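Reminder that position 195 of the sequence shown reads as 195 in the UniProt record's numbering, one-by-one numbering, no gaps.
Beta carbons are placed, not taken as given, at the ideal position from N, Cα and C, and that holds for glycine.
What you are looking at is a predicted structure, and each value in this text was computed from that prediction instead of being measured.
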Amino acid sequence: MDWELLKKDFKRYLLLERGLSDNSILAYLNDVQKLQSFAESQQIALKQMHTKDIQEFLRWVNQFPISEFTQARLLSGIKTFFNFLQVENLLPNNPAELIETPRLARKIPAVLSIQEIDELIGAIDLSTAEGMRNKAILETLYGCGLRVSELCNLKISNLFLDVEFIKVEGKGNKERLIPIGQQAIKYIKIYMEEVRVHQTIKHGQEDFLFLNRRGAPLSRVMIFLIIKDLASKIGLEKEISPHTFRHSFASHLVEGGADLRAIQDMLGHESITTTEIYTHIDKEYLQSVITQYHPRS
C-alpha cells in the first residue's frame, strides 16, 4: 500500500466526509506520518499491522517529550485513519479498535474576571487609529465569544448590525449566527466610519472587517500581540491569549444563568459536553465564594 496515496485520500476524506478544519486535518496527517515513520523503521507493512504493533507504536512515540493530552489525541487520529481504511475496504480489520483511549482529567481553561476584561479594554489608547481598531476588536472578541480565526476572517458583508447579529464561518467551514451587543456595535461603527474609511485597502481584501496598517486582514499572531501588550500595561500576571476572551465570554454567561444549549450554539460546539466544561468553572467560582465568605468554612 502506497502511504503517500493513502494520505492524499485520507485528507480528502477528512475534508469532504468529516468537514474538518485545515488545522485539524493537518494534525491528523501528522499522526499518520508518525505511524508511517514507525512502520518503516520496523519494516512493518500496513496491511500486516496488528494490535500489538499499535501498542508498540504508542510506546515508541512515548520516547519523545509529548504530553498525555497529545498522546490521547494521537491515538484518536490513528483510530480515525484505520476507520477510514476499513470504510474504503482497504483493510479487513482495524488493529487500533481494541486499544482504549485513556480517560484524561478535564483541563479547566483560564478565564478573566469581568473587572480584568474591563481593565484590559480600558488600557487601549483611543487617541490613535490603531487604538480605535483594537477597541472594536476586543469588544467583538469578548462580546461574541469568537475564535481568533473567526475574528480575523470576519467580513463586512456578514455584519447585520441593524438586527444585532453577525455571521461567522467556524470550524469545518460551518456558518453560524451570533448575537452582537450594543458596545461591540458602537465601536465597530466608529472604527469603520473614522478609521477604516481612510485606509488604502489591498485589492481583494475589501470585505474583511479588521485590517492592519497595510490594508490587509489581521493575522492571529497580531491579535495575540495586541492582547499581550495590554496585559503587560495593566500588570496582569495570568497567561492569556485571544482564546481566553472566548472562555471568559462563556464562563460569564454560565455565571449569569444562561442556557447551556444557547451557549453551545453561540460558541459553535458540536457537542454539549464541550460546553459543559464552563459549568465546572462556575462551580469552582461558587466554591471559592463559600470558602472566602461562609462563617463555617
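Apart from the five residues just before and just after residue 161, which ones in its own chain have a Cβ nearer than 8 Å to its Cβ?
For the purposes of this step, residue 161 is identified with residue 161 of the sequence shown, where counting begins at 1. Closer than 8 Å at the Cβ level, and outside the excluded window around residue 161, lie 180, 185, 188 and 189.
Whose CA, out of 13, 93, 74 and 29, lies closest to the CA of residue 47?
Locating residue 47 in the sequence shown gives position 47, where the first residue counts as 1. Minimum Cα distance to residue 47 is reached at 93.
Could you tell me which residues DSSP puts in a beta bridge with residue 176?
In the sequence shown, counting from the first residue as 1, residue 176 sits at position 176. Partner(s): 168.
What is the rounded straight-line gap between the Cα of residue 173 and the Cα of residue 215?
On the sequence shown, position 173 is the one that residue 173 refers to. On the sequence shown, position 215 is the one that residue 215 refers to. Between residue 173 and residue 215, the C-alpha separation is close to 25 Å.
Could you tell me how far apart the beta carbons of residue 244 and residue 154 are, in whole angstroms, since I believe they sit closer than 8 Å?
By 1-based counting over the sequence shown, the position of residue 244 is 244. By 1-based counting over the sequence shown, the position of residue 154 is 154. Not quite, the Cβ-Cβ distance comes to about 19 Å (not below 8 Å), so this is no contact.
Secondary structure at residue 202, three-state DSSP: helix, strand or coil?
As a working note, residue 202 is residue 202 in the sequence shown. Note: residue 202 maps to coil in three-state DSSP.
Indicate the three-state DSSP secondary structure (helix, strand or coil) for residue 95 in the structure shown.
The residue given as residue 95 occupies position 95 in the sequence shown. In this structure, residue 95 counts as coil in the three-state DSSP scheme.
When the Cβ atoms of the region 33 to 43 are set against those of the region 196 to 209, are three or more pairs found closer than 8 Å?
As far as the Cβ criterion goes, the region 33 to 43 does not touch the region 196 to 209, which means the pair count is below three.
Using CA coordinates, which residue listed in 170, 163 and 164 is at the minimum distance from residue 152?
Start at 1 with the first residue of the sequence shown, and residue 152 comes out as number 152. Considering only alpha carbons, the answer is 170.
Looking at the structure shown, is residue 160 part of a helix, part of a strand, or coil, going by DSSP?
In the sequence shown, counting from the first residue as 1, residue 160 sits at position 160. Strand.
Counting only runs that start and end within the region 7 to 90, where is the alpha helix (DSSP H) found for 4 or more residues in a row?
For the region 7 to 90, whole alpha helix (DSSP H) runs of length 4 or above, ordered along the chain, are 22 to 42, 51 to 61 and 68 to 87.
Just grab the DSSP bridge partners of residue 217 for me.
As a first step, residue 217 is located in the sequence shown; it is residue number 217 there, counting from the start. According to DSSP, residue 217 bridges with 211.
Residue 242 and residue 163 - do their beta-carbons sit closer together than 7 Å?
Working through the sequence shown from its first residue, we reach residue 163 at position 163. Working through the sequence shown from its first residue, we reach residue 242 at position 242. No, the Cβ-Cβ distance between residue 163 and residue 242 is not below 7 Å.
Please confirm whether residue 78 and residue 31 have their CB atoms less than 7 Å apart.
Counting from one through the sequence shown, the residue named residue 78 turns up at place 78. Counting from one through the sequence shown, the residue named residue 31 turns up at place 31. Result yes, Cβ atoms of residue 78 and residue 31 sit closer than 7 Å.
Out of curiosity, what's the CA-to-CA distance linking residue 4 and residue 45?
Locating residue 4 in the sequence shown gives position 4, counting from the first residue. Locating residue 45 in the sequence shown gives position 45, counting from the first residue. If you take the alpha carbons of residue 4 and residue 45, they lie about 14 Å apart.
Residue 150 and residue 183: beta carbons closer than 7 Å?
Working through the sequence shown from its first residue, we reach residue 150 at position 150. Working through the sequence shown from its first residue, we reach residue 183 at position 183. Not closer than 7 Å, so no.
To the nearest angstrom, how far is it from the Cα of residue 205 to the Cα of residue 249?
Within the sequence shown, the letter at position 205 stands for residue 205. Within the sequence shown, the letter at position 249 stands for residue 249. About 29 Å.
What does a CB cutoff of less than 8 Å around residue 119 pick up in its chain, not counting 5 residues either side in sequence?
The residue you call residue 119 lines up with position 119 of the sequence shown. Here the set comprises 234 and 236.
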